[in-house]
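Under the working numbering, the sequence shown is numbered contiguously, ending at residue 182.
Have a look at the structure below before the remarks.
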Amino acid sequence: MGVSRFHARLQYIVASYLKEKGYSVDVERCVDGIHHADVYADNGKETVIVEVETGYVPPIFIERAEEYLWARTIVKTIKYACLASEFYIATPSYVKMAVPSILLEPTDSYDEVLNASRLVGLYFGERWAEETLKRVHECRLTGLMLVNISRRGVKVLKGRELEALTTFNV
13 MGVSRFHARL QYIVASYLKE KGYSVDVERC VDGIHHADVY ADNGKETVIV EVETGYVPPI
73 FIERAEEYLW ARTIVKTIKY ACLASEFYIA TPSYVKMAVP SILLEPTDSY DEVLNASRLV
133 GLYFGERWAE ETLKRVHECR LTGLMLVNIS RRGVKVLKGR ELEALTTFNV
């Protein structure tokens, strides 16, 4: 599995941060027989999965970059959040992620779920659109980890800080 040097650097900083917090850490760990978590951490009481998001958008989707990244955030959350006690997405500190509110709190709005599913389907295909419909109610994004590459530091955003990033609407 090929990982860019930039992506690997972010993984290393996050893994080091979690190790300092007392976790046993694996990078690129297979978590369900198919998918590999960028960073997997376990401290005996809880498990944490962190997916690194560099903000890269394929050229074909550059005109709809925010939508694409929004959909990718949903797909990553659906893949990994239910496999750990906590699930985070790590980004470089200079990247402002749009966090889908549907990933923070369960919604009673079928239209909101359907809109999210349609958008995911547009970028990632029918399989992930169906998974969104099935699993978005049970999979939650715990927070974001903002990675300062120069200082090799991590700032965790949760709760109200995270809610402030839910400005992108479908």
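Each residue gets a CB set at the ideal place from its N, CA and C atoms; glycine is no exception.
For clarity, every value in this text was computed on a predicted model and none was experimentally measured.
- Message: So within the segment 16–82, which uninterrupted alpha helix (DSSP H) runs reach at least 4 residues, ignoring any that extend past its ends?
- Response: 17–32, all fully within the segment 16–82.
- Query: Taking buried to mean at least 16 other C-beta atoms within 10 Å of its own C-beta, is Cys42 buried or exposed?
  - Reply: Classification for Cys42: exposed.
- the segment 26–42 touching the segment 74–81, judged by at least three CB pairs closer than 8 Å: Touching, no.
- On a CA-only basis, which of Glu175, Leu169, Leu156 and Leu95 is nearest Thr66? Give me that one, please. For the residues Glu175, Leu169, Leu156 and Leu95, the minimum Cα distance to Thr66 belongs to Leu156.
- Phe99 classed as buried or exposed, judged by whether at least 16 other C-beta atoms fall within 10 angstroms: Residue burial is scored here from C-beta neighbours: Phe99 has at least 16 other C-beta atoms within 10 angstroms and is therefore classed as buried.
- Item | Close beta carbons around Pro118, own chain, < 8 Å, minus the five adjacent residues each side | Cβ within range, chain order: His149.
- Message: Output needed for Asn160: all residues of its chain with C-beta closer than 7 Å, excluding positions within five of it in sequence on either side, in chain order.
- Response: Leaving aside the five residues that flank Asn160 on each side, the residues in its chain whose CB is nearer than 7 Å to its CB run, in chain order, Ser105.
- Item | Distance between Ser162 and Asp120 (C-alpha atoms, nearest Å) | Near 42 Å, if we compare the C-alpha coordinates of Ser162 and Asp120.
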